[in-house]
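Trainee: Going down the list, the sequences are from chains S and E. Residue numbers for the first sequence, in the numbering used here: 11 to 417. Residue numbers for the second sequence, in the numbering used here: 714 to 883.
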Amino acid sequence: MQPFPRDIEAGTGEPLDLHSERMKLNWGPSHPATHGTLRVMLELEGETIARCDTEIGYLHRGKEKLAEDWNYNQCVNIMERMNYCSTVINNCAWHQACEKLFEIEIPPRAVYLRMILSEISRIADHMTAIGPNCVDIGALTPFWYTWDIREQAYDIIEFVTGARMMSAWTRVGGLSADAPEGFAERVRNFVPEVYREMNELDKLLSSNRIFNDRSRGVGAISSEEALSYGWTGPCLRATGVAHDLRVASPYLAYGDMQFDIPVGGHGDTYDRIFVRVEECRQAARIIEQALDNLPDGPVNSNERHVVLPPKDATYNQMEGLIHHFEVIMYGPKAPKGNICYDASEGGNGELGFTIVSDGSAKPYRVSVRSPCYYIFSALPRLVTGSLLADLPATIASLNIIAGELDR
Amino acid sequence: MIDKARKAAKRLSAALGDGLIEVVEDGRGVVARIEPGALHTALDALRNDSSTPFEMLAHETAIDWSNWPKDAGHAKDNKRFSLIYNLFSISTRTRIFLEIDLAEGQTAPSATEHFASANWAEREIYDMFGIKFTGHPDLRRILMWEGFEGHPLRKDFPRHGINPQDFPQE
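#1: Less than 8 Å between the beta carbons of V182 of chain S and C95 of chain S, yes or no?
#2: Step through the CB atoms of chain S and report whether any lies within less than 8 Å of the CB of H772 of chain E.
#3: Can you name the start and end residues of the alpha helix (DSSP H) that E53 of chain S belongs to?
#4: Using the C-alpha atoms, what's the distance from A755 of chain E back to L811 of chain E?
#5: Comparing alpha-carbon positions, which option in S:L397, S:E414, S:K110 and S:K73 lies nearest S225 of chain S?
#6: A718 of chain E touches chain S at which residues, Cβ-Cβ below 7 Å?
#7: Count the CB pairs spanning the region 359–368 of chain S and the region 59–70 of chain S that are closer than 8 Å, and state whether there are at least three.
#8: Quick one: any contact between the region 134–145 of chain S and the region 276–294 of chain S, if contact means 3 or more CB pairs under 8 Å?
#9: Quick check: what's the CA-CA separation for L54 of chain S versus N36 of chain S?
#10: Kindly indicate if chain S contains any beta-carbon less than 8 Å away from that of I685 of chain E.
#11: Suppose the cutoff is 8 Å on Cβ atoms and the five residues either side in sequence are ignored; what does the same chain contact list for K343 of chain S look like?
#12: Take K213 of chain S as the anchor and find which of S:P152, S:R198 and S:A173 has the nearest alpha-carbon.
#13: Determine contact between the region 40–53 of chain S and the region 305–312 of chain S, defined as no fewer than three beta-carbon pairs at a distance below 8 Å.
#14: Please specify which runs of the beta strand (DSSP E), each continuous and at least 3 residues long, are wholly inside the region 788–845 of chain E, giving them in chain order.
#15: Considering only the beta carbon of each residue, do G843 of chain E and S823 of chain E sit closer than 8 Å?
#16: Can you give the Cα-Cα distance for T825 of chain E and S238 of chain S, rounded to whole angstroms?
#17: Taking N832 of chain E as the query, report the chain S residues whose CB atoms sit under 7 Å from its CB, ordered along the chain.
#18: For E74 of chain S, return the contacting residues in chain E, with the cut-off set at a CB-CB distance below 7 Å.
#19: Only counting runs of 4 or more residues, tell me where the alpha helix (DSSP H) segments fall wholly within the region 98–135 of chain S, in order along the chain.
#20: By how many angstroms is the C-alpha of P871 of chain E removed from the C-alpha of Y340 of chain S?
#21: Can you give me, in chain order, the residues of the region 92–115 of chain S that have a beta carbon less than 9 Å from any beta carbon in chain E?
#22: DSSP has A745 of chain E in a bridge; who is on the other side?
#23: Which of helix, strand or coil does DSSP assign to W157 of chain S?
#24: Within 8 Å (strictly less), CB to CB, does D146 of chain S reach chain E?
#25: With R774 of chain E as the anchor, note down where its beta strand (DSSP E) starts and where it stops.
#26: In whole angstroms, give me the CA-to-CA distance for A722 of chain E and C350 of chain S.
#27: Within the 8 Å Cβ cut-off, does R379 of chain S reach chain E?
#28: Would you identify the three-state DSSP class for P390 of chain S, choosing helix, strand or coil?
#29: Could you pull out every residue in the same chain whose Cβ sits closer than 7 Å to the Cβ of P766 of chain E, ignoring the five residues on either side in sequence?
#30: Below 8 Å CB to CB, which residues in the same chain sit around W104 of chain S once its five sequence neighbours on both sides are set aside?
#31: Using the C-alpha atoms, what's the distance from S380 of chain S back to R746 of chain E?
#32: Quick one: is P850 of chain E near chain S, going by C-beta distance under 8 Å?
#33: Since N36 of chain S is in the alpha helix (DSSP H), which residue starts that stretch and which ends it?
#34: Name the chain S residues that come within less than 7 Å of E768 of chain E, Cβ to Cβ?
#35: Am I right that G732 of chain E and A751 of chain E are in contact with their C-beta atoms under 8 Å? What's the rounded C-beta distance?
See the structure below:
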């Protein structure tokens with residue numbers, strides 16, 4: 011074929027060799043659209059991704075090793091720094107696994123408070139996923155709506171736990187503190203806001219032509235493949251599998267709550283975003299029901315060897331002081347030789363802990379089953395053959411949190 | 714749910730024969746301890762189980778028993794490592810665990826041909842414990858960098874690291 015005139019270098023008459031080589035492109039580890047420190051290496055053919063490989067570990071802090079040196083209450087501080095967008099879920103998941111290991115139950119008020127705060131945290135997590143995802147594909151307006159509701163969620167978390175992000179709120183056998191006065195009222199005012207903003211988001215996104223073109227069919231995966239990759243959470247539900255640990259193995263009081271599992275059908279970016287939007291509505295439903303049934307009573311169990319005694323006993327009774335000292339100085343001791351696995355539905359899916367106890371106050375081995383790790387392992391499969399511009403949209407819709415990915 | 718896991722373990726023991734050491738129940742649920750050589754058969758049998766198909770390998774991890782106190786139960790004789798396979802059946806909401814024991818230096822069969830999730834899980838185990846998997850397509854370090862010495866989650870790896878320049882003190 012004759013070269014087009016524009017492909018001939020002026021003056022020489024020689025055809026120019028354009029785009030005949032594949033281009034290698036490095037993306038990350040520090041880039042605004044990676045939402046964390048992770049590196050993607052690409053081989054491009056024009057604008058199409060021909061090959062993709064990933065490199066992780068830039069935020070590896072060795073949490074599993076650190077946990078072997080800290081006691082069960084101290085570990086909550088490192089475990090919540092995994093998914094730093096929904097720290098309360100991490101708190102609750104870690105101590106729920108610990109309580110299974112210790113074979114103790116927590117009182118009903120603690121159960122309900124944990125559930126309410128987990129759901130508020132889930133809303134914050136999903137908003138953190140949706141907002142930047144929209145920004146990555148050029149829609150700035152939804153970001154302000156999501157950030158508004160996220161701020162309100164964080165305000166409540168701060169009101170209850172004393173910290174906006176790193177809450178360290180739970181303890182083995184209960185909570186560090188009861189919810190302050192005015193908690194129920196504040197949460198009740200928050201719930202209609204969630205519904206309102208979700209409707210606004212829906213209107214902003216679902217009929218937006220550009221958003222539809224940029225997200226429909228982008229980064230799609232079938233449910234069989236998603237299962238084989240070990241996907242869980244909203245990303246798996248977007249492929250059409252109605253799997254949610256809150257229903258599959260009900261923990262806390264989720265068994266008594268009425269809520270639906272939203273599912274998608276195509277497993278693409280669009281479905282992943284809207285599964286999250288719908289999940290926020292369901293979270294608001296759970297919060298409403300939990301508030302209606304919020305029991306009174308203590309927030310810590312009666313296990314004296316595990317839980318701190320009341321302050322009155324610490325200051326006025328010898329035994330109380332000794333208990334306080336033992337729990338603080340040595341930490342609660344788990345039964346000897348126990349191994350347990352316990353999983354909760356985190357913001358991104360199944361957040362599970364395998365804990366092995368040798369009878370001391372520190373875990374012998376902790377293994378974290380982090381949802382992001384398995385979701386991100388499928389990235390090359392998702393983006394190979396698609397356009398480069400679809401890569402940020404896909405990564406953001408998976409909601410990869412580097413802290414949870416690398417641990 | 715646990716009944717379904719027990720029944721699945723019964724069917725598994727029929728499929729494995731001598732490959733199955735024992736079926737125990739602990740804080741995890743139903744755990745089938747098997748010989749390393751029987752892993753492929755076991756995963757195949759569980760994945761294509763008639764009534765509880767385990768579609769997902771939710772997690773795969775290892776435990777280093779070398780510091781384990783003698784009186785704490787779970788005696789692992791002379792085998793240093795255990796590999797734990799955490800399988801979940803979405804359709805029947807059932808969880809079952811497989812456990813294989815490995816001596817120091819012993820390789821394990823890779824589960825990548827059955828589940829794609831085993832790829833990164835086994836890379837992490839190789840990275841953290843130095844356990845090698847036969848049949849793994851891409852066994853590289855994943856969290857630590859290439860050229861890093863040692864395997865951090867082994868019990869004999871000091872918390873502060875081997876090379877002071879890797880982990881600056883003060």
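Yeah, the Cβ is synthetic: ideal placement off N, Cα and C, and Gly gets one too. Since this is a predicted model, take the numbers as computed values, not measurements.
Mentor: Judging by the given coordinates:
#1: Counting from 1 along the first sequence, the entry for residue 182 of chain S is found at position 172. Counting from 1 along the first sequence, the entry for residue 95 of chain S is found at position 85. No, Cβ-Cβ distance for V182 of chain S and C95 of chain S is not below 8 Å.
#2: Position 59 of the second sequence, counted from the start, is the residue given in the question as residue 772 of chain E. With 8 Å as the cut-off, H772 of chain E counts as an interface residue toward chain S.
#3: Counted from its first residue, the first sequence places residue 53 of chain S at position 43. Taken as a continuous stretch (DSSP letters only), E53 of chain S belongs to no alpha helix (DSSP H), being part of the beta strand (DSSP E) at R49 to E55.
#4: Residue mapping note: residue 811 of chain E aligns to position 98 of the second sequence, counting from 1. Residue mapping note: residue 755 of chain E aligns to position 42 of the second sequence, counting from 1. Rounded to whole angstroms, L811 of chain E to A755 of chain E spans 9 Å at the Cα level.
#5: Walking along the first sequence from the start, residue 225 of chain S turns up at place 215. It is S:L397.
#6: Numbered from 1 along the second sequence, position 5 holds the residue referred to as residue 718 of chain E. By Cβ distance, chain S contributes nothing, its closest Cβ being about 12 Å from A718 of chain E, past 7 Å.
#7: no
#8: yes
#9: Counting from one through the first sequence, the residue named residue 54 of chain S turns up at place 44. Counting from one through the first sequence, the residue named residue 36 of chain S turns up at place 26. Rounded to whole angstroms, L54 of chain S to N36 of chain S spans 11 Å at the Cα level.
#10: Because chain E here runs from 714 to 883, residue 685 of chain E falls outside it and cannot be looked at.
#11: Counting from 1 along the first sequence, the entry for residue 343 of chain S is found at position 333. Answer for K343 of chain S: H315, G369, S370 and A371, listed in chain order.
#12: What you label residue 213 of chain S is simply residue 203 of the first sequence in a count that begins at 1. Out of S:P152, S:R198 and S:A173, S:P152 has the C-alpha closest to the C-alpha of K213 of chain S.
#13: no
#14: 794–802 and 807–815
#15: One-based indexing of the second sequence puts residue 843 of chain E at position 130. One-based indexing of the second sequence puts residue 823 of chain E at position 110. Cβ distance not < 8 Å, so G843 of chain E and S823 of chain E don't count as in contact.
#16: What you label residue 825 of chain E is simply residue 112 of the second sequence in a count that begins at 1. What you label residue 238 of chain S is simply residue 228 of the first sequence in a count that begins at 1. Approximately 10 Å between the Cα atoms of the pair.
#17: Within the second sequence, numbered from 1, the residue matching residue 832 of chain E stands at position 119. Within 7 Å Cβ-Cβ: S387.
#18: Here residue 74 of chain S refers to the residue found at position 64 of the first sequence. Chain E residues near E74 of chain S: L866.
#19: none
#20: The count along the first sequence starts at 1 and reaches residue 340 of chain S at position 330. The count along the second sequence starts at 1 and reaches residue 871 of chain E at position 158. Approximately 22 Å, taken between the alpha carbons.
#21: K110, L111 and E113
#22: The residue labelled residue 745 of chain E in the question sits at position 32 within the second sequence. Paired residue(s): E:V736 and E:L811.
#23: Sequence index remark: in the first sequence, residue 157 of chain S carries index 147 (1-based). Note: W157 of chain S maps to helix in three-state DSSP.
#24: As a working note, residue 146 of chain S is residue 136 in the first sequence. Judged by the 8 Å Cβ criterion, D146 of chain S is not in contact with chain E.
#25: Start at 1 with the first residue of the second sequence, and residue 774 of chain E comes out as number 61. Looking at the sequence itself, residue 774 of chain E is Thr, so the reference to Arg does not match. Residues M769 to D777.
#26: Along the second sequence, one-based indexing puts residue 722 of chain E at 9. Along the first sequence, one-based indexing puts residue 350 of chain S at 340. Their backbone Cα atoms lie some 18 Å apart in a straight line.
#27: Translated into the one-based positions of the first sequence, residue 379 of chain S becomes position 369. At least one chain E Cβ lies under 8 Å of R379 of chain S.
#28: In the first sequence, residue 390 of chain S corresponds to position 380, counting from 1. In the structure shown, P390 of chain S sits in a helix (DSSP, three-state: H, G or I).
#29: Stepping through the second sequence from its first residue, residue 766 of chain E is reached at position 53. Only R760, S802 and S804 meet the Cβ criterion.
#30: As a first step, residue 104 of chain S must be located in the first sequence, where it is residue number 94. Correct list, in chain order: C85, V86, M89, E90, T180 and F363.
#31: The residue you call residue 746 of chain E lines up with position 33 of the second sequence. The residue you call residue 380 of chain S lines up with position 370 of the first sequence. C-alpha separation (whole angstroms): 24 Å.
#32: Numbered from 1 along the second sequence, position 137 holds the residue referred to as residue 850 of chain E. Chain S, which has no Cβ nearer than 8 Å to the Cβ of P850 of chain E, makes this no.
#33: The residue you call residue 36 of chain S lines up with position 26 of the first sequence. Unbroken run through N36 of chain S is the beta strand (DSSP E), M33 to W37; no alpha helix (DSSP H).
#34: Walking along the second sequence from the start, residue 768 of chain E turns up at place 55. L237, listed in chain order.
#35: Start at 1 with the first residue of the second sequence, and residue 732 of chain E comes out as number 19. Start at 1 with the first residue of the second sequence, and residue 751 of chain E comes out as number 38. With 8 Å as the limit, G732 of chain E and A751 of chain E qualify as a contact, their Cβ atoms being about 3 Å apart.
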